[in-house]
Amino acid sequence: MNSHHFTVKLKESSQEIALSRPVTVRELLQMVVAQLKENEPIVGARVDSKELVDLFHLITGPCEVEFVTISSPDGLRIMRHSASHVLAQAVQELYPDARLGIGPATEEGFYYDFLVARPFSPEDLEKIEKRMHEIVKADYSFERQTMKKEEAIRFFEERGERFKVEIIRELEDAEVSIYKHNGFVDLCRGPHVPSTGFIKAFKLLSSSGAYWRGDEKRDMLQRIYGTAFSTHEDLKKYLDFLEEAKRRDHRVLGRELDLFSIQDEAGAGLVFWHPRGSVVRKIIEDLWKEEHIKRGYHLIYTPHIARIDLWATSGHLDYYRENMFSPMEMGEVTYQLKPMNCPFHILIYRSRVRSYRDLPLRFAELGTVYRFERSGVLHGLLRVRGFTQDDAHVFLTEDQLEKEIRDILFLMKGFMNVFGFQEFEVYLSTRPSKFVGSPESWDLAEKILAAALENAGFKYSVDPGEGVFYGPKIDVKVKDAIGRAWQTTTIQVDFNLPERFDLHYAAPDNTMKRPIMIHRALFGSLERFFGILVEHYAGNFPVWLAPEQVRTIPLKDDVVPRAQEITNDLKAAGLRVHLDARNETLSYRVREAETQKIPYVIVIGPREVESGTVAVRKKGGKGVETQSYAEFKEKVLKEAKIPEIITPQEQ
RNA sequence: GCCUGGAUAGCUCAGAGGUAGAGCACCUCCUUGGUAAGGAGGUGGUCGUGGGUUCGAUUCCCACUCCAGGCUCCA
33 MNSHHFTVKL
43 KESSQEIALS
53 RPVTVRELLQ
63 MVVAQLKENE
73 PIVGARVDSK
83 ELVDLFHLIT
93 GPCEVEFVTI
103 SSPDGLRIMR
113 HSASHVLAQA
123 VQELYPDARL
133 GIGPATEEGF
143 YYDFLVARPF
153 SPEDLEKIEK
163 RMHEIVKADY
173 SFERQTMKKE
183 EAIRFFEERG
193 ERFKVEIIRE
203 LEDAEVSIYK
213 HNGFVDLCRG
223 PHVPSTGFIK
233 AFKLLSSSGA
243 YWRGDEKRDM
253 LQRIYGTAFS
263 THEDLKKYLD
273 FLEEAKRRDH
283 RVLGRELDLF
293 SIQDEAGAGL
303 VFWHPRGSVV
313 RKIIEDLWKE
323 EHIKRGYHLI
333 YTPHIARIDL
343 WATSGHLDYY
353 RENMFSPMEM
363 GEVTYQLKPM
373 NCPFHILIYR
383 SRVRSYRDLP
393 LRFAELGTVY
403 RFERSGVLHG
413 LLRVRGFTQD
423 DAHVFLTEDQ
433 LEKEIRDILF
443 LMKGFMNVFG
453 FQEFEVYLST
463 RPSKFVGSPE
473 SWDLAEKILA
483 AALENAGFKY
493 SVDPGEGVFY
503 GPKIDVKVKD
513 AIGRAWQTTT
523 IQVDFNLPER
533 FDLHYAAPDN
543 TMKRPIMIHR
553 ALFGSLERFF
563 GILVEHYAGN
573 FPVWLAPEQV
583 RTIPLKDDVV
593 PRAQEITNDL
603 KAAGLRVHLD
613 ARNETLSYRV
623 REAETQKIPY
633 VIVIGPREVE
643 SGTVAVRKKG
653 GKGVETQSYA
663 EFKEKVLKEA
673 KIPEIITPQE
683 Q
């Protein structure tokens, strides 16, 4: 194509290579391989810091090339994608009737969807995995080939691959690429590793149904999930991580620690907070209320139902109906259980004339809402049908928006830090295709949100077009103790509801102006956040949150009075403490306290009574330490102190 | 909602077309203990709900309810 001379720059060494003809990445690699520091296989390259390509890619002009090693995030992606092809080959060999869906790499592995007569059983997966190992071991080369679109359609039609044909028809390019290895052919954009032997350590994890293109009206395919790593150690680490996540499952811990339950008899997705869970919730609620009052929020309470007309005005009947419980007809009037708190807060705003002097006006409520989530998506405390949002609505002017958003972000960070969440993933979602309000006001609001994020010192990524129809939003995910990201905070700007409810305030020039509204929830919901906390702490709540902070164990009957005395004293000091004077051995009672994840166990025997000490066993610590009772009490009281939320204004 | 797999004692689970089992938990008694399960005995189940097949169903069939894992991270 291009017979001119050109140079290619290598990113890591800044070395420039003069070329007189187009070369593939593989050829380029061979020219410079001796100089590379990497002792790991190279599986691809990033061109001009943009396009990720494999070794088949032809370089036709000047560019900058960065080689991608197999263990880098890009390299893993390439390798996992190749692993999905190996999976597809194994499946087609073992089940010739299987038709191919798609098989991409994911963040943690890969999957491939197949149309098969019979879903895969665990034994099938074993067989498939075994065949995959053989294919990997044989080290078949991948080959890339391009085809004219028409040709490709014929090719895949002949093979009965109707899903592939559908994909090709939708592509705009005149040519498509296919990848082959050992006779297996798949439509694929690539990139791929040079040969199957590059897939070092992999495992199939599960199979499940998945609709073709996520559309429940179309074919149900069978998806096989797997993961792959560049070393067996990394694979093992990942599998251990999955085990660890299982151990932290809040549904299991919730029962074992007697925190909450969800009961068939009452209904799916409806949460019962047991005493031990309720204690934690109360601490969080009290802290939340206190810290909001300090920052100029007004606490309010609103009803759980309202006349359905209110939901027509708010637009929920048009936009949210399928998630709402059915209306309740009571004679002349029909009522609706609330799926959101906003219309209620608006009614309070509108209950009198507001002045610019009142703004920003902040209403906060731990508001319980009910949403009819589809049965298949319910999951422990994380996805439920009745939950309490830590909700607030701020009514304000455009000028006030930036600072208010910034303050909300600071408050969010302050709360999250207290629970040990230090890392955040922040997303700014911008104008979707369907939206209300003017494009200008959207652009401005997006700019303001971006400025607030930057001024508050948050790194964020933009999700273009992912905003809600009524305004742009910021979503925050927190990273837990084992690195999982959980969606919690959401901050949404709303141009729509102030319009629908015809809200206004008296401006300095005595004209009536329309306020803007912010919806925000920091924890999201108390149920969900509590579930996240259980997993984050693995049930080991810090002393200030622990349902039971101290358990007192008298060694034998004649020291019970002293143990009772100490228990009463700690209780009077405000601690959550229980006496376990049951007729069981010491070991037995210690074990139970340990499995109940109680932070402190104190044992009192004759020795301790004599010396005014307690034998302290700290959860997660090693061994027992005898210390004076006064010393112990002081230490625990210090740890039990409810932390304050620190935000920049107060520093 | 859809797919697959489930539902047996409070929990974890075994079981078979013919009167229902274990361990833990719980209760009682013995044991009075030094840091993760002392011993013995006992209570406890309409085998998820409703229907069908059968002389007989918890077991086989159907429907429903609920639970688990999934249901675009787009060749």
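Every letter in the first sequence is one number past the one before it in our numbering, and letter 106, counting from 1, is 138.
All C-beta atoms, glycine included, are put in the ideal place defined by N, C-alpha and C.
The model shown is predicted, which means the values in this text are computed figures rather than measured ones.
How long is the line joining the alpha carbons of residue i and residue j, rounded to whole angstroms?
| i | j | result |
| --- | --- | --- |
| R53 | L126 | 44 Å |
| S643 | R594 | 12 Å |
| P359 | R78 | 56 Å |
| N34 | G258 | Interpretation of N34 is limited by its pLDDT of 47, a score under 50 that renders its predicted location unreliable; the figure taken from the coordinates is listed afterwards. Roughly 42 Å separates the two Cα atoms. |
| W320 | K445 | 13 Å |
| T599 | D341 | 55 Å |
| V646 | P631 | 15 Å |
| P94 | T39 | 5 Å |
| K181 | E190 | 14 Å |
| D386 | Q454 | Looking at the sequence provided, one finds Arg at residue 386 rather than Asp. One C-alpha to the other measures close to 39 Å. |
| Q177 | E207 | 10 Å |
| H348 | L60 | 59 Å |
| E671 | W576 | 6 Å |
| I550 | H425 | 5 Å |
| L428 | E676 | 27 Å |
| L379 | L157 | 57 Å |
| A137 | Q254 | 16 Å |
| L68 | E276 | 38 Å |
| A477 | D86 | 41 Å |
| P73 | G229 | 11 Å |
| K673 | D590 | 33 Å |
| S1 | E96 | This structure leaves residue 1 out entirely; the chain is present only between 33 and 683. |
| D507 | G497 | 14 Å |
| V284 | I678 | 33 Å |
| P574 | N373 | 32 Å |
| G141 | P105 | 11 Å |
| I316 | G299 | 26 Å |
Name the DSSP beta bridge partners of residue i, please?
| i | result |
| --- | --- |
| D218 | Y211 |
| H551 | H425, Q524 |
| I91 | V55 |
| D329 | Position check: residue 329 holds Tyr in this sequence, whereas Asp was assumed. Y329 pairs with R394. |
| Y459 | S493, D507 |
| Q718 | No answer is possible for residue 718: the residues shown for the chain start at 33 and end at 683. |
Taking the alpha helix (DSSP H) that residue i falls in, what are its first and last residues?
| i | result |
| --- | --- |
| P530 | 528-532 |
| L558 | 558-569 |
| R186 | 181-190 |
| F664 | 661-672 |
| R386 | From DSSP, R386 is part of no alpha helix (DSSP H); its letter is neither H nor E. |
Just mark residue i as buried or exposed, buried being the case when its beta carbon has 16 or more other beta carbons within 10 Å.
| i | result |
| --- | --- |
| R384 | exposed |
| M63 | exposed |
| H324 | buried |
| P128 | exposed |
| R621 | buried |
| T627 | exposed |
| K232 | buried |
| K654 | exposed |
| Q124 | buried |
| R389 | exposed |
| E198 | exposed |
| Q683 | In this predicted model, Q683 has a pLDDT of only 46, less than 50, meaning its place in the structure is not dependable; the value taken from the coordinates is given anyway. Label assigned to Q683: exposed. |
| G363 | exposed |
| G571 | buried |
| E139 | exposed |
| R221 | exposed |
| F304 | exposed |
If you follow the beta strand (DSSP E) that residue i is part of, which residue opens it and which one closes it?
| i | result |
| --- | --- |
| D80 | That residue, D80, is in no beta strand (DSSP E); it is neither H nor E in DSSP. |
| V40 | 38-42 |
| Q254 | 252-261 |
Any chance the stretch 329-346 sits against the stretch 390-398, with 3 or more Cβ pairs inside 8 Å? Inter-segment contact for the stretch 329-346 and the stretch 390-398 is present: three or more beta-carbon pairs are separated by less than 8 Å.
Evaluate the contact criterion for the stretch 185-194 versus the stretch 272-289: three or more CB pairs, one atom per stretch, below 8 Å. no
Any chance the stretch 435-442 sits against the stretch 406-413, with 3 or more Cβ pairs inside 8 Å? no
Within the chosen definition, does the stretch 529-540 reach the stretch 481-489 through at least 3 CB pairs nearer than 8 Å? no
Three or more C-beta pairs closer than 8 Å, one from the stretch 156-176 and one from the stretch 283-292: is that the case here? no
Tell me, please, whether the stretch 509-518 touches the stretch 449-469 by the rule of three or more beta-carbon pairs shorter than 8 Å. yes
Any 3 or more C-beta pairs closer than 8 Å across the stretch 211-225 and the stretch 111-119: yes
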